[in-house]
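Participant: Provided herewith is a single structure, encoded as C-alpha cells, for subsequent inquiry.
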Amino acid sequence: MLRKQYLMIPGPTMVPERILRAMVREMLNHRGPEFAKILTSVTEGVKKCFKTKNDLFIIPSSGTGGMEAAAVNVLSEGDDVLVLNIGAFGSRWTKILKAFHANVDEIKFERGKSADVETVEKKLKSKKYSVVFFQQNETSTGVLNDVKSLAEVIKKYDALVVVDAVSGLLTADLRTDEWGIDVVVAASQKAFMLPPGLSFVSFSKKAWDYYANSKMPKFYWDFKSMKDWADKGQNPFTPPVSLYYGLEESIKMLEEEGMENVFERHKKLRDITRTGLKKLGLKLLSSDAAASCAVTAVFPPENINADDLRKKIKEKYGVVSAGGQEDLKGKIFRIGHLGYCSETDIMVSLDAISKCL
C-alpha cells in the first residue's frame with residue numbers, strides 16, 4: 014500500500030485540490046482577451062496580498078528569478094549596496110549582487126537571530142548606500158525580521174528598501190505601502206499554495222526613479238517591457254497559463270478565509286509546532302520573539318545527524334522535512350508550516366519525530 018506523503022518543507026508546499034482542479038483546464042491564447050482578463054484580475058489580487066497600489070509584476074520564474082529581477086532593475090555596476098544577512102537567502106542576495114558587479118557590503122548576523130536595527134543604523138551612518146536588501150523571513154533558519162522597523166531606519170538614510178518576502182508573505186503581515194517598502198519579492202510555491210513557477214515583484218515610484226538610472230543588463234527581467242505588455246493584458250513572453258488558473262483560485266481561497274485569519278492560522282501552526290518540539294526535548298534555532306510563522310528550524314538530539322533523522326522520519330512515516338543549509342547542513346532540520354497545512358499535518362509530523370528519536 015502506498016503511504017501518504019506529508020510534505021512538511023517550507024516550499025514547494027502542498028497544493029489544495031481546488032487549485033489542482035482549477036489548473037486542469039484547456040489552454041487559451043495568451044495574447045487574447047480571455048487571458049488578459051485573468052492577468053488583470055490576478056494582478057489586482059496579488060496586490061491586495063502585498064497591501065500595495067504600486068506596480069506589480071507576475072513573472073514566470075522561481076523566487077530567485079524575482080530577486081535577480083529586483084536587483085537588475087534598480088542598480089548599475091559599482092553601486093554601493095548593503096545586504097542584511099541572517100541566513101542562506103541573505104547570502105543569495107549577496108551572490109546575485111556580486112554577479113552583476115555591485116559593490117556589496119554585508120552585515121552577517123548570528124544564525125537564528127534577526128537583523129538588529131541598531132547595528133543596521135550604525136552601518137548606514139558609516140557609508141552612503143544606494144539600496145539595502147534583506148529578507149522578511151529567512152527560510153534557512155526559521156527567523157522573522159522586523160520589516161517595519163528595518164524599513165523605517167533605512168528610509169532615514171534615503172536608501173531604497175528591497176525585501177525578499179518569498180517565504181514570509183501571507184504568513185506574517187507585510188504592509189508594503191504603509192511601511193514604505195520600495196520593492197517586494199514573493200513566489201507562488203509558498204503560502205500562495207501553488208506549484209513553483211511564478212514570482213511576484215512590487216515596484217514603487219521611487220524604484221522607477223532608480224530604474225531610470227539603472228545600467229545593469231536586462232532583457233527577460235526588464236520591468237519597463239513587462240509594464241508595457243501588462244498594460245495590454247499580456248506578458249512579454251509565453252506564460253505558464255495553468256499557473257495563472259491556479260493563482261486565480263488561490264486568491265479566491267485567500268479572500269474567502271480573510272487576510273487576518275490567514276495570518277492567525279500561520280501563527281497558530283507555528284505555536285503548535287514549537288510547543289510540540291520543545292515537549293520532545295528538542296532545541297530550536299530561533300527564539301520565540303524572532304520565530305518564523307512559515308518554518309521552524311530544530312536541532313536533533315546530541316550525537317544524531319539531522320539528515321539521518323530526516324531520512325528515518327520519511328522512510329518510516331512519510332513525513333518529508335527540510336535539511337540545514339550552508340554551515341547548518343547536517344546540524345538542523347526544518348519543519349514547514351505554511352500554505353495548505355493543517356493542525357493534523359503538524360500533529361502527524363510531531364508524532365513521527367517522537368517515534369524516531
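For the sequence shown, this note's numbering begins at 14 and goes up steadily by one.
Quick reminder that beta carbons are idealized off the backbone N, C-alpha and C, glycines included.
A quick note: this is a predicted structure, and the numbers were derived from the prediction, not measured.
Note down the Cα distance separating S74 from G210, rounded to an integer number of angstroms.
Facilitator: Here the question's residue 74 lines up with position 61 in the sequence shown. Here the question's residue 210 lines up with position 197 in the sequence shown. Taking the straight line from one Cα to the other gives about 5 Å.
Participant: Measuring alpha carbon to alpha carbon, tell me which of S89, D241, G125, D129 ends up nearest L110.
Facilitator: Residue 110 sits at position 97 when you count from the first residue of the sequence shown. The residue with the shortest Cα to Cα distance from L110 is S89.
Participant: Buried or exposed, going by whether 16 or more other CB atoms sit within 10 Å of the CB of F146?
Facilitator: Working through the sequence shown from its first residue, we reach residue 146 at position 133. Buried, since its Cβ has 16 or more Cβ neighbours within 10 Å.
Participant: Quick check: the Cα distance between S334 and E270, rounded to an integer number of angstroms?
Facilitator: Taking the sequence shown and counting its residues from 1, one reaches residue 334 at position 321. Taking the sequence shown and counting its residues from 1, one reaches residue 270 at position 257. Whole-angstrom Cα-Cα distance: 27 Å.
Participant: Say whether chain D places a C-beta atom closer than 7 Å to the C-beta of N98.
Facilitator: Of the protein chains in the structure, only one exists, and it is not chain D.
Participant: Out of curiosity, what's the CA-to-CA distance linking Y170 and Y142?
Facilitator: As a working mapping, residue 170 is identified with position 157 in the sequence shown. As a working mapping, residue 142 is identified with position 129 in the sequence shown. Straight-line Cα distance between these residues: approximately 8 Å.
Participant: Might you give, ordered along the chain, the residues of its own chain that have their beta carbon closer than 6 Å to the beta carbon of L137, omitting 5 neighbours on each side?
Facilitator: For the purposes of this step, residue 137 is taken as residue 124 along the sequence shown, with counting starting at 1. Excluding sequence neighbours, L137 sits near Y170.
Participant: Please go through the same chain and pick out, in chain order, the residues whose beta-carbon is closer than 6 Å to the beta-carbon of G259, but skip the five residues on each side of it.
Facilitator: Stepping through the sequence shown from its first residue, residue 259 is reached at position 246. Answer for G259: I32, A35, M36, L207, listed in chain order.
Participant: Look up K17 in the DSSP assignment and say whether it is helix, strand or coil.
Facilitator: Mapped onto the sequence shown, residue 17 falls at position 4. Correct three-state label for K17: coil.
Participant: Output needed for I51: all residues of its chain with C-beta closer than 8 Å, excluding positions within five of it in sequence on either side, in chain order.
Facilitator: Taking the first residue of the sequence shown as 1, we reach residue 51 at position 38. Cβ within range, chain order: Y257, Y258, E261.
Participant: Would the region 348 to 361 count as touching the region 315 to 328 if we require 3 or more Cβ pairs under 8 Å?
Facilitator: Segments in contact, no.
Participant: Using the C-alpha atoms, what's the distance from E131 back to R105?
Facilitator: The residue labelled residue 105 in the question sits at position 92 within the sequence shown. The residue labelled residue 131 in the question sits at position 118 within the sequence shown. Roughly 23 Å separates the two Cα atoms.
Participant: Just to check my reading of the structure: K161 and W192 have Cβ atoms closer than 8 Å, yes? What is that Cβ distance to the nearest angstrom?
Facilitator: For the purposes of this step, residue 161 is taken as the residue at position 148 of the sequence shown. For the purposes of this step, residue 192 is taken as the residue at position 179 of the sequence shown. So it is a contact: roughly 5 Å between Cβ atoms.
Participant: Could you tell me which of K265, Q247, L363, K280 sits nearest to G47, measuring between CA atoms?
Facilitator: If you number the sequence shown from 1, residue 47 lands on position 34. What sits at residue 47 in the sequence shown is Glu, not Gly. If we check each option's Cα against that of E47, Q247 comes out closest.
Participant: For F250 and A185, which I take to be in contact (beta-carbon distance under 8 Å), what is that distance rounded to the nearest angstrom?
Facilitator: Within the sequence shown, numbered from 1, the residue matching residue 250 stands at position 237. Within the sequence shown, numbered from 1, the residue matching residue 185 stands at position 172. That belief does not hold up - the Cβ atoms of F250 and A185 are roughly 32 Å apart, past 8 Å.
Participant: Which residues does DSSP list as the beta-bridge partners of T309?
Facilitator: On the sequence shown, position 296 is the one that residue 309 refers to. In the DSSP output, where bridge partners are listed per residue, T309 has I348.
Participant: In chain order, which beta strand (DSSP E) runs of at least 3 residues are fully inside the region 132 to 178?
Facilitator: You should have 144 to 148, 173 to 177.
Participant: Expressed to the nearest angstrom, what Euclidean distance is found between the alpha-carbon atoms of A307 and K126?
Facilitator: Residue 307 sits at position 294 when you count from the first residue of the sequence shown. Residue 126 sits at position 113 when you count from the first residue of the sequence shown. Distance between the alpha carbons of A307 and K126: 16 Å.
Participant: What's the call for I359, buried or exposed, on a 16-neighbour Cβ count within 10 Å?
Facilitator: Along the sequence shown, one-based indexing puts residue 359 at 346. Label assigned to I359: buried.
Participant: N67 and S217 - do their beta-carbons sit closer together than 7 Å?
Facilitator: On the sequence shown, position 204 is the one that residue 217 refers to. On the sequence shown, position 54 is the one that residue 67 refers to. Cβ atoms of S217 and N67: closer than 7 Å.
Participant: Tell whether a beta-carbon distance below 7 Å holds between A371 and V175.
Facilitator: Residue coverage of the chain in this structure runs from 14 to 370, which leaves residue 371 outside it and unanswerable.
Participant: In whole angstroms, what separates the C-alpha of T309 from that of G45?
Facilitator: What you label residue 309 is simply residue 296 of the sequence shown in a count that begins at 1. What you label residue 45 is simply residue 32 of the sequence shown in a count that begins at 1. For T309 and G45, the distance between alpha carbons rounds to 44 Å.
Participant: Report buried or exposed for M21, applying the criterion of at least 16 other Cβ atoms within 10 angstroms of its Cβ.
Facilitator: Reading the sequence shown from its first residue, position 8 is the one you call residue 21. By the neighbour-count rule (16 or more Cβ atoms within 10 Å), M21 is buried.
Participant: Note down the Cα distance separating P29 from R124, rounded to an integer number of angstroms.
Facilitator: As a first step, residue 29 is located in the sequence shown; it is residue number 16 there, counting from the start. As a first step, residue 124 is located in the sequence shown; it is residue number 111 there, counting from the start. For P29 and R124, the distance between alpha carbons rounds to 33 Å.
Participant: My output table needs one value for N274: the three-state DSSP class, helix, strand or coil.
Facilitator: As a first step, residue 274 must be located in the sequence shown, where it is residue number 261. Three-state result, N274: helix.
Participant: Could you check which residue in G349, F312, K329, C369 has the C-alpha nearest to that of G343?
Facilitator: Counted from its first residue, the sequence shown places residue 343 at position 330. Considering only alpha carbons, the answer is F312.
Participant: Pop quiz: L41 and T56 are said to be a contact at Cβ under 8 Å. What is the actual Cβ separation, rounded to whole angstroms?
Facilitator: One-based indexing of the sequence shown puts residue 41 at position 28. One-based indexing of the sequence shown puts residue 56 at position 43. Not a contact, Cβ separation roughly 17 Å.
Participant: Just reading off the beta strand (DSSP E) that A115 is part of, what are its end residues?
Facilitator: Translated into the one-based positions of the sequence shown, residue 115 becomes position 102. Where A115 is concerned, there is no enclosing beta strand (DSSP E), given that its DSSP letter is neither H nor E.
Participant: Quick one: measure Cβ to Cβ for K237 and Y224, integer angstroms, because I've assumed they're closer than 8 Å.
Facilitator: For the purposes of this step, residue 237 is taken as the residue at position 224 of the sequence shown. For the purposes of this step, residue 224 is taken as the residue at position 211 of the sequence shown. Indeed, because the Cβ distance is near 7 Å, the residues count as touching under 8 Å.
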